[in-house]
Amino acid sequence: MDREYYRDSILNMLQDEMSYEVTDKKLDRQTSTMIKKLLKKHETELFKEEIDYISNSKFSESYFYGLPKIHKSEEISNAISEQNSEYIELLTPNDLKFRPIVGGPNSVTQNLSHFIDIVLKPLCREVPSFIRDDLEFLNHLPKTVNPNSELITFDIVSLYTNIPHDLGITAVKYWLENTENVIENRLTKEFILASLKLILERNIFYFNGTYYHQKKGTAMGTKMAPSYATLVLGYLEQLLYEKMSHKEIRCREPFMKCIHETDIYNGLQSYNPSPKDYITLLLLANSTINSRREDSGLRVIFAI
């Protein structure tokens, strides 16, 4: 890949003013102070070792980079077919997209994010359609299905970067309030939500000589992001059920339905509601979360 092409592609992503804004490095110091104030306020809920770990006084800046989605580039696929070689030369593919990653293994919020991830993970098990990994997904596949069944996937478009902060906090609050004996009693809802808000709102990173602040969504790279995204999808699923009930849409239970990463897999024995209805209802639940539907009858792509 051409170096300038990569740089320009990332800079083009960062020009999205709805998601990013230019800032300066000193915000990390301010964030560190905010974390310490939060820990002081809730110190009775935490062990000393946890406070010491979360404080993370030796933090460093986060870096932004993009993972090329080579599997979704038609130009790259064509080049592979045409060149028939172990090495494919294609320096500037026009249709190549990048997955935004904020790499900060020692960022100012990473230890707090790690702690919150430990707190949120048990809640994910309370999401009825939650699937932990590809092996569990395969174990959920039925041995036999109705010959009239259809396999359908809904790929959530750029989920991590499109979750509004208020939606995410509302979703986590929903699971905290609607589950019992999952979270340790010593941890209050106020501390968990305040920590989550701080992680989301103080995502600062560096690229090509400039510091940026991510205004919308969560960073793909922070520890708690996968659990957070799962709880958001699970919450939207609950809203979708309510919409279906309110609109008196009746459908037979799918023989398999699960959330895996940012994909929703369905096996439907009938189209009532139709796949289009599912997307419409999801948009009614929240207009910022969009999905692409793929259905080919007897076969679907499973992205591990």
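Using our numbering, the letters of the sequence shown correspond one by one to residues 1299 to 1602.
No residue lacks a Cβ here, since even glycine has one placed at the ideal position from N, Cα and C.
Fair warning: this is a prediction, and the values are worked out from it, not measured in the lab.
Where does R1548 fall in DSSP's three states? Against the sequence shown, residue 1548 aligns to sequence position 250. Below a pLDDT of 50, predicted positions are generally treated as unreliable, and R1548, at 40, falls in that range; the measurement from the model is reported next regardless. If DSSP states are grouped into helix, strand and coil, R1548 belongs with coil.
Rounded distance between the beta-carbons of S1317 and F1396, thought under 8 Å: Position 98 of the sequence shown, counted from the first residue, corresponds to residue 1396. Position 19 of the sequence shown, counted from the first residue, corresponds to residue 1317. That pair is no contact at about 14 Å.
At 4 residues or longer, and completely inside the region 1461-1522: list those alpha helix (DSSP H) runs for me, N to C. If we require 4 residues or more, the alpha helix (DSSP H) runs fully inside the region 1461-1522 come out as 1463-1475 and 1487-1499.
For a test of the three-state rule: what should DSSP assign to V1530, helix, strand or coil? Translated into positions along the sequence shown, residue 1530 becomes position 232. In the structure shown, the three-state DSSP call for V1530 is helix.
8 Å Cβ shell around N1404 - same chain, five flanking residues per side excluded: Along the sequence shown, one-based indexing puts residue 1404 at 106. Listed in chain order, the non-local C-beta contacts of N1404 below 8 Å within the same chain comprise N1354, K1356, F1357 and S1358, local neighbours out to five positions each way being set aside.
So, at 7 Å on beta carbons, what are the nonlocal neighbours of S1379 in its own chain, with the 5 sequence-adjacent residues on each side left out? For the purposes of this step, residue 1379 is taken as the residue at position 81 of the sequence shown. A distance below 7 Å between beta-carbons, with the five flanking residues on each side excluded, links S1379 to no residue of its chain.
Strand pairing of F1362, partner residues [DSSP]: Position 64 of the sequence shown, counting from 1, holds the residue named residue 1362. Partner(s): V1400.
Distance between E1343 and N1460 (C-alpha atoms, nearest Å): Numbered from 1 along the sequence shown, position 162 holds the residue referred to as residue 1460. Numbered from 1 along the sequence shown, position 45 holds the residue referred to as residue 1343. If I take the Cα positions, the gap works out to 32 Å.
May I have the straight-line CA-CA distance separating Q1328 from Q1408, to the nearest angstrom? The residue you call residue 1328 lines up with position 30 of the sequence shown. The residue you call residue 1408 lines up with position 110 of the sequence shown. Within the model, the alpha-carbon separation for Q1328 versus Q1408 is close to 15 Å.
Measure the beta-carbon distance from T1516 to C1422 and round it to whole angstroms, keeping in mind my assumption that it falls under 8 Å. Numbered from its first residue, the sequence shown carries residue 1516 at position 218. Numbered from its first residue, the sequence shown carries residue 1422 at position 124. Not a contact, Cβ separation roughly 15 Å.
I want to know whether the region 1485-1500 touches the region 1428-1439 - three or more CB-CB distances under 8 Å. Because the criterion of three Cβ pairs below 8 Å is not met, the region 1485-1500 and the region 1428-1439 do not touch.
For Y1303, list the residues DSSP reports as bridge partners. Sequence index remark: in the sequence shown, residue 1303 carries index 5 (1-based). Beta-bridge pairing links Y1303 to no other residue.
Helix, strand or coil at Y1318 according to DSSP, with G and I counted as helix: Here residue 1318 is taken as the residue at index 20 of the sequence shown, counted from 1. If DSSP states are grouped into helix, strand and coil, Y1318 belongs with the strands.
Applying the 10 Å Cβ sphere with the 16-neighbour rule, what's the burial state of I1288? Given a span of 1299 to 1602 for the chain in the structure shown, any question on residue 1288 remains unanswerable.
Counting pairs of Cβ atoms below 8 Å between the region 1492-1504 and the region 1464-1472, do you hit three or more? Yes, they touch.
Give the straight-line distance between the Cα atoms of Y1533 and K1513, rounded to the nearest whole angstrom. Position 235 of the sequence shown holds residue 1533. Position 215 of the sequence shown holds residue 1513. Distance between the alpha carbons of Y1533 and K1513 is about 22 Å.
With H, G and I counted as helix, E and B as strand and the rest as coil, what does DSSP make of F1435? Within the sequence shown, residue 1435 is the residue found at index 137, counting from 1. Residue state, collapsed to three classes: helix.
DSSP on F1345, reduced to helix/strand/coil? Position 47 of the sequence shown holds residue 1345. Per DSSP, reduced to three states, the secondary structure at F1345 is coil, with no helix or strand assignment.
V1417, enclosing alpha helix (DSSP H) - first and last residue: Start at 1 with the first residue of the sequence shown, and residue 1417 comes out as number 119. Element bounds for V1417: Q1408 to C1422.
Does the Cβ of F1503 have 16 or more other Cβ atoms within 10 Å, making it buried, or fewer, making it exposed? Counted from its first residue, the sequence shown places residue 1503 at position 205. Burial is judged here by how many other beta carbons sit within 10 angstroms of a residue's own beta carbon; F1503 has at least 16 and is buried.
Could you give the residue range of the alpha helix (DSSP H) that holds D1393? Here residue 1393 refers to the residue found at position 95 of the sequence shown. Taken as a continuous stretch (DSSP letters only), D1393 belongs to no alpha helix (DSSP H), as it is neither H nor E.
Cβ-Cβ distance between I1352 and F1413 below 7 Å: For the purposes of this step, residue 1352 is taken as the residue at position 54 of the sequence shown. For the purposes of this step, residue 1413 is taken as the residue at position 115 of the sequence shown. One thing to note: I1352 has its Cβ within 7 Å of the Cβ of F1413.
Spatially closest choice to V1470 from Y1526, V1320, S1383 and L1537, by CA coordinates: Taking the first residue of the sequence shown as 1, we reach residue 1470 at position 172. Of the candidates Y1526, V1320, S1383 and L1537, the one whose C-alpha sits nearest the C-alpha of V1470 is Y1526.
Thinking C-beta only, is S1411 closer than 7 Å to K1521? Residue 1521 sits at position 223 when you count from the first residue of the sequence shown. Residue 1411 sits at position 113 when you count from the first residue of the sequence shown. At a Cβ-Cβ threshold of 7 Å, K1521 and S1411 count as neighbours.
Would you kindly report the start and end of the unbroken alpha helix (DSSP H) that includes T1442? Numbered from 1 along the sequence shown, position 144 holds the residue referred to as residue 1442. Premise fails: T1442 is in no alpha helix (DSSP H) and is neither H nor E.
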